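2 protein chains.
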Amino acid sequence: MQKGLHDDEEGQGRLAPEASVAMATLVRRLHRFSPGADLTPLNHAFQQLRSLDRDEPVWRHKSEDHPVLVLESGFAYSFTLYPDGRRHIGDMFGPGALCGFGSAAVAEEGLNLAFKSGSRVTVFDAARLADALHEKPELELLFKQDGDARARRTAQRNRGLISLPAAEKLALVLLDLREELSLATDPGEWLPLPLTLRELGDLTGLTDVHVSRTLKKLQTDGMLERRGKRFRMGDTAALESALDYRHFYYG
Amino acid sequence: MQKGLHDDEEGQGRLAPEASVAMATLVRRLHRFSPGADLTPLNHAFQQLRSLDRDEPVWRHKSEDHPVLVLESGFAYSFTLYPDGRRHIGDMFGPGALCGFGSAAVAEEGLNLAFKSGSRVTVFDAARLADALHEKPELELLFKQDGDARARRTAQRNRGLISLPAAEKLALVLLDLREELSLATDPGEWLPLPLTLRELGDLTGLTDVHVSRTLKKLQTDGMLERRGKRFRMGDTAALESALDYRHFYYG
DNA sequence: CGGTGCTTTGAAGCCTATCAACAAAAGTGG
DNA sequence: CCACTTTTGTTGATAGGCTTCAAAGCACCG
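Chains as they are written, first to last, in full-length UniProt numbering: chain A, 1 to 251; chain B, 1 to 251.
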């Protein structure tokens, strides 16, 4: 561990410049629910900002008191492993996302997180964060709203991944990814595709080979454009109504 | 509406005999988490016990103050409809289940419930129930534990329904159904199969035809026996370890 | 430069859906 | 209780979807 604010008695209630920079996307994400909300109490729980120079899994074991991880930039996902070695990706996290926290995380026991190379992660002390939220009910509400919106998105995605054919599964995942990437930052028209085809397969239950073919088909059908590791979607409004895709965030 | 206790000033704090009968399986289910817990405060919120003589859907619209429905006996499931008319079954409820309540229900917006013919449903006043839970934190904890266990089971099921082949999907659903039916009552060795093959298909994302064939295959493989609308599973321990199936209820 | 992982493509075969027909069961109304 | 209708479950044939295996091109990095 490098030096950080994780364990000393940092000035309670004072603004930590390092923290406010590290929490920029989290703040933007939470402000979707309440644009003017005061988020400075979070400074009390701030520990450090970590940069991950390579893909890094974080193994979380039940019953331990884990710090709360917030993705400041980059991308992450949660996964579980089957006895036969197969991997299932259950949720994904874009900038500003609270990783494995709140009502969305209740369902995932023994959650494993994988952070993509280049991600920056803000680390909060779990106990201090709980205290801060307890003292400020309006702040707690923001966290709850964010967690509930994530749970609804996950439910919507799972529903489609169970009952739709491959092309629609992927279109649904791309719509969801698009939303996740747009919650705290404006990524522009061309969005990054931070997942490999194998990871998209583990997310959708398809093989990487079939993901490749299906994406190609989506491209020839004009629903999708790809340039390297970036993508752009066609008529998203038409896609969303065809898939009955709903938005659960405000703003 | 028939006469019930839904709106009069019934004796606050006194034991309502009708209510205690109506809540029998709910009590048994919650006592899994805390065998000695005092559940009499629920009497304050009790409204009525309804018997449903046929399959009955309950349409719940967002933002309305719905009563809380608890399945006393029978079977129910929640579902959503796609624009093309397809139905997806997202969760299922056995005796004693809180239908569409708690952390498991957060994810399901505009939840629709279908009660199978012959089910009996205990109706609670939502506001009074909230009050009762607020006054008794240990009771609220029970409700939360039940909701969390349900959310974990749903996540486990969804995971398999996304990434497993048909035979394993059905085996997983049957294991889960078996657990759901055993939480508040002892159904014996032969369990009722309260779902039609079409409903099993809507739950697993398969067609009814393929469900029929796959169940037949499970039978010839010795994992499943069927007698009319009842079933019995083979070596459940082996199945559970093969599918990495976990139990989230105590007791 | 070789190694590694990611992506694409082809061929073959299994898995699942669709369509159709029918049997069995259950609800409906007399 | 019976005849009738509707739903549910089963089976076969066929087509299409998806996976598997294999090979090759590409990008990235030591």
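Virtual Cβ for every residue (Gly too), placed ideally from N, Cα, C. Note that the structure is a prediction, hence the values are computed from the model and not measured.
Counting C-beta pairs with one atom in each stretch, the stretch 41 to 52 of chain A and the stretch 112 to 129 of chain A have three or more that are closer than 8 Å, which means they touch. Residue pairing by DSSP places V211 (chain A) opposite no residue, since no beta bridge is assigned to it. Taking C-beta atoms as the reference points, L183 (chain A) and Y249 (chain A) count as a pair closer than 8 Å. Flagged as an interface residue toward chain B: V106 (chain A), by a C-beta distance shorter than 8 Å. Between the alpha carbons of I162 (chain A) and R227 (chain B) lies a gap of roughly 29 Å. When the Cα atoms are used, K169 (chain A) and Y77 (chain A) turn out to be separated by approximately 18 Å.
Residue pairing of S73 (chain B) in beta bridges, as defined by DSSP: B:R120. Straight-line measurement puts the Cα of E138 (chain B) at about 33 Å from the Cα of P192 (chain B). For F143 (chain A), there is no enclosing beta strand (DSSP E); the enclosing alpha helix (DSSP H) has its first and last residue at P137 to S163. Beta-bridge annotation (DSSP): M23 (chain A) is not paired with any residue.
Contact between F75 (chain B) and S103 (chain B) does not hold, since their C-beta atoms are separated by about 22 Å, which reaches or exceeds 8 Å. Comparing C-alpha distances from E225 (chain B) to each of B:L174, B:H247, B:T154 and B:R29 shows the shortest one belongs to B:L174. If you look at D91 (chain B), you'll find it in the beta strand (DSSP E) that goes R87 to F93.
Sequence-distant Cβ neighbours of L181 (chain A) in its own chain, meaning closer than 6 Å and more than five residues away, are G94, P187 and L191.
Counting the other Cβ atoms within 10 Å of the Cβ of L81 (chain B) gives fewer than 16, which makes it exposed. Beta-bridge partners of E225 (chain B) (DSSP): B:R232. Along the stretch 142 to 164 of chain A, going in chain order, the ones with a CB nearer than 7 Å to a CB of chain B are D148, A151, R152, T154, A155, N158, R159, L161, I162 and S163.
If you draw a straight line from the Cα of G36 (chain B) to the Cα of E189 (chain B), it comes to about 27 Å. It is roughly 8 Å from the alpha-carbon of R157 (chain A) to the alpha-carbon of D176 (chain A). As DSSP reads the structure, F46 (chain A) sits in a beta bridge with A:F124. In this structure, F33 (chain A) lies near L142 (chain A), with their beta-carbon atoms less than 8 Å apart.
In the DSSP assignment, D176 (chain A) falls within the unbroken alpha helix (DSSP H) covering A166 to S182.
Taking every protein chain shown into account, the CB of P83 (chain B) has fewer than 16 other CB atoms within 10 angstroms, so this residue is exposed.
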